[in-house]
Every structure is written in structure tokens, then in C-alpha cells.
Amino acid sequence: MLQIPKALLEKRITKETLHRSGKRLLKEIVGRLKLPEASYDIRSCKGGDGVMGEVILHSDHLYLMVHLGSGSVLRVLYRTCEGRKDYSGGMNHYASVSELASTTAAERFIAKLDKLNELGKRQHAFQAA
């Protein structure tokens, strides 16, 4: 089961909470996907005073971003990418953090990420051949 930090499930969160707990969530996802340590980066982009910023997991084949979306809903944007210098990648997909608190939704989410990661690996191998 995916362990969602309780602080991310609160109605109102602070910028500091988003960045601290968002990193914990992304590390949890990394563990579930069994990504090798050298294959990803986790970083915070705090932005200025008027924004919450985002927390990003950028691997060789996946890009995930925890951010406050429209309607003040905390979401995870996820998509494929071609390396850690690819900032536009594949099609954007979204999951709300509150939905991921459900065991079933969390398992489906991890399965989707696993499929996208495998797809990225196959595409990379095909292009290299």
C-alpha cells in the first residue's frame, strides 16, 4: 500500500508542508517502483511568495510533479520522458493525492507508473537500436 503522508491529506497545507511531505510521497513512489538510486532526482521548486511551487521526481523515463492544481486540489502530474533533460515529455496525466489514499486507487496508480516506465525503457531501447 502507498503511504500518503497525512499532512498532504489536510484541507489546507502550507508551502513548507507541501515540499517536505511531497518529497516523502515521491520517495515512497520510488520505493514502490524499485527505481535504482542513480536513475532519478527529486527536487523542490518553491517559487516566489505568491505560489506554492512543486516537488518533482524526474527519472530516466518518468516525470512526476506534486503540486496544488486548480481548485486548490493537491495533485500528482505524471508522464513519460526521454531522460532527465526532457521537461515536456509525453502526455500529461493527473491523480489527486486524496484519491491515492485509497488502496485500490494507489495500486492502480503504481501499476500505471510501472507500465509507463517500462514503455519508456522499450522506446529508449528501440531508438538506440
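In terms of UniProt numbering, the sequence shown opens at residue 1 and continues consecutively.
Backbone N, C-alpha and C fix where the C-beta goes; we use that ideal spot for every residue, glycine too.
>> Quick check on the DSSP output: what are the complete beta strand (DSSP E) runs of length 3 or more inside the segment 87 to 125, in order along the chain?
In response: The qualifying runs are 93 to 96.
> Quick one: what does DSSP say His61 is sitting in, helix, strand or coil?
Replying inline: Against the sequence shown, residue 61 aligns to sequence position 61. Coil, per DSSP.
> In angstroms, rounded to a whole number, what distance separates the CA positions of Lys23 and Gly31?
Replying inline: Here residue 23 refers to the residue found at position 23 of the sequence shown. Here residue 31 refers to the residue found at position 31 of the sequence shown. One C-alpha to the other measures close to 12 Å.
> With 16 as the cutoff for other CB atoms within 10 Å, does Asn117 come out buried or exposed?
Replying inline: Reading the sequence shown from its first residue, position 117 is the one you call residue 117. Per the 10 Å Cβ criterion, buried.
> Which of helix, strand or coil does DSSP assign to Arg84?
Replying inline: The count along the sequence shown starts at 1 and reaches residue 84 at position 84. Coil, per DSSP.
> From Tyr87 to Val97, what distance separates their C-alpha atoms?
Replying inline: To locate residue 87, count along the sequence shown from 1; it is residue 87. To locate residue 97, count along the sequence shown from 1; it is residue 97. Between the alpha carbons of Tyr87 and Val97 lies a distance of about 22 Å.
> What do you reckon, are the CB atoms on Cys81 and Gly71 nearer than 8 Å?
Replying inline: What you label residue 81 is simply residue 81 of the sequence shown in a count that begins at 1. What you label residue 71 is simply residue 71 of the sequence shown in a count that begins at 1. A distance of 8 Å or more separates the beta carbons of Cys81 and Gly71.
> DSSP on Glu54, reduced to helix/strand/coil?
Replying inline: One-based indexing of the sequence shown puts residue 54 at position 54. Of the three classes helix, strand and coil, the one that applies to Glu54 here is strand, per DSSP.
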